[in-house]
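Numbering (our numbering), first residue to last: 6 to 557.
The beta carbon of each residue, even a glycine, is placed where N, CA and C say it ideally should be.
In this text, all values refer to a predicted model and were calculated from it rather than measured experimentally.
Heads up, the thing below is written out as structure tokens.
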């Protein structure tokens, strides 16, 4: 349902963009359209292989596929409000649900899983173009906005990386833009305007289902945005009350989960109405939150300083968020950011107020959530907005205009050339080329596939990229169907871990053996019941490949 809604919104946005282009046909708007087309090409180019898959992304992909095909996630929870994921630490449900429909239509692969996020990103940029036109913003300023957004390294990278949390800032942006549009919509009368407002409210509420850190953000942003619209007399009280009522209905299920999962006595798997509320066996709090032991104030101050250091250095050190020497933002943007903040604080039109609100709503996150570009994900569109305002203030003479456009073009081309040549596989990442290797080895034709490896994610990688039924996965993994130990460590399907140093273990007939070269001491080569047939690279490790002679 969500996927079809996305496609409809995407198509309607394109139609509305054509309408706006006809109404305000000029060189700046034409160049903006060309820029958005170029942006779409960049988002879809090499989408399957760049970046390499992170294991959280891959686990979300498997859960998405399992839900779409079998109606249960990897832990056999039907209609979960939240995913337990591979170890019970949890992942948000929204993106898994959105991508699942695409799997039904296009089949299971990495490209298809990442495609919905790319479409959401493109939809948000087209909608931004439409809303700015609806507010009669100068076409030159609209072009600058499109230029800043469509060439942003952060926006391009986040739009191509299917982590569950990466869809969350787009829900805030699209929801906010639709609410803005509802105050200026000139087509179809009052009911169409209210329909657009209801849709914007609903999409804004989906943020709560896309990233648990978003719960902190929405606590300030939702009251704030309705307050801004009401006080600026852009939204009648009746419409405001309608939107608040819809939002409350939408948020009740996830609010119940948020409460239950954070109270030990209530943190257990239950079924309420149509949803499964899963027990979270572990927490990411130690990874994503500051310590609340000891001097909490000191920890908060240190966290804020670390975040400032991250932005000043223009990188969080994670290869899927920022590229060395380039970062998440182009280095020349800092002066424009500062100018934009000052202008917005002084001018305070409705867009300025919404940017300031977005910044204020991020403060709780900045105080207690440890900084990286994923954890602090809601601040990025605000930063891009301020940068756009700053550039717009100095974009006056033709010489300055030409200099800025050429600078952006050079920076963008440099970023693209480096980004699409990435091939490094860091810890926790998967090389999708292993799919071809495993299929070439015909592992499903063997009774057993024995392995010994230094790659701790070997089995999860196989499951995520070459999936089997979640029912078969649960029945054949370590601790079958356990509700307390969810991880897979040594076996599932026909895969079985062995100790390559132990010559006395039983090897079944018609088996394939994969031994990491770092662990192969030569014992297996001496075994007359086995024969070495070659070497293959799986992810970042090289394996010696053996087969049974079937004489054992």
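Under the DSSP assignment, residue 535 falls in the beta strand (DSSP E) whose first and last residues are 535-543. For residue 520, the enclosing beta strand (DSSP E) has its first and last residue at 516-521.
CA-to-CA, the gap between residue 254 and residue 295 works out to about 32 Å.
Distance from the CA atom of residue 400 to the CA atom of residue 147, rounded to whole angstroms, is 12 Å. Taking a contact to require three or more Cβ pairs closer than 8 Å, the stretch 128-135 and the stretch 65-82 do not qualify as touching.
The C-beta of residue 322 has fewer than 16 other C-beta atoms within 10 Å across all chains shown, which makes the residue exposed. Excluding residues up to 5 positions away in sequence, 62, 118, 119, 122 lie with their Cβ nearer than 6 Å to the Cβ of residue 167 in the same chain. Membership of residue 462 in any beta strand (DSSP E) is not indicated, and neither H nor E is assigned to it by DSSP. No residue range can be given for residue 294, since it is assigned to no beta strand (DSSP E) and is classified by DSSP as neither H nor E. Counting C-beta pairs with one atom in each stretch, the stretch 450-458 and the stretch 512-525 have three or more that are closer than 8 Å, which means they touch.
For residue 245, the closest C-alpha among the options 111, 198, 174 is that of 198. Shown here for residue 394: same chain residues with a beta carbon closer than 7 Å to its own, the five before and five after excluded, namely 345, 348, 349 in chain order. Closest by C-alpha distance to residue 287, out of 82, 319, 269, is 269. Assigned with DSSP and collapsed to three states, residue 131 falls in helix. Taking one beta carbon from each stretch, the stretch 151-165 and the stretch 35-46 have 3 or more pairs nearer than 8 Å; the two touch. Excluding five sequence positions before and after residue 162, the CB atoms of its chain that fall closer than 7 Å to its own CB belong to 325, 326, given in chain order. In the DSSP assignment, residue 550 falls within the unbroken beta strand (DSSP E) covering 546-553. Judged by DSSP in its simplified three-state form, residue 481 adopts helix.
For residue 276, the enclosing beta strand (DSSP E) stretches over residues 275-277.
Under a 10 Å Cβ-count criterion, residue 413 is classified as buried, with 16 or more other Cβ atoms of the shown protein chains found around its own Cβ. Ranked by how close their Cα comes to the Cα of residue 308, the residues 372, 210, 141, 510 have 372 in first place.
Here residue 181 is buried. Its C-beta has 16 or more other C-beta atoms within 10 Å. When secondary structure is reduced to three states using DSSP, residue 399 falls in the helix class. By the beta-carbon neighbour count (other beta carbons within 10 angstroms, threshold 16), residue 398 is exposed. Cβ neighbours of residue 156 within its own chain (closer than 6 Å, five residues either side excluded): 413, 417. Partner residues in a beta bridge of residue 164, as assigned by DSSP, do not exist.
In the structure shown, the three-state DSSP call for residue 281 is strand. Per DSSP, reduced to three states, the secondary structure at residue 137 is helical.
Our two residues, residue 466 and residue 507, have alpha carbons roughly 25 Å apart in a direct line. Only exposed fits residue 6, as fewer than 16 other CB atoms lie within 10 angstroms of its CB. As for any alpha helix (DSSP H) of minimum length 4 sitting wholly inside the stretch 170-253, the runs are 173-187, 194-210, 219-236, ordered along the chain. Cβ-Cβ separation between residue 206 and residue 177: approximately 12 Å, too far for a contact (criterion under 8 Å).
Rounded to whole angstroms, the Cβ separation of residue 103 and residue 96 is 13 Å, and the two are not in contact under 8 Å. For residue 100, there is no enclosing beta strand (DSSP E); the enclosing alpha helix (DSSP H) covers residues 99-111. Between residue 341 and residue 392, the C-beta spacing is below 8 Å.
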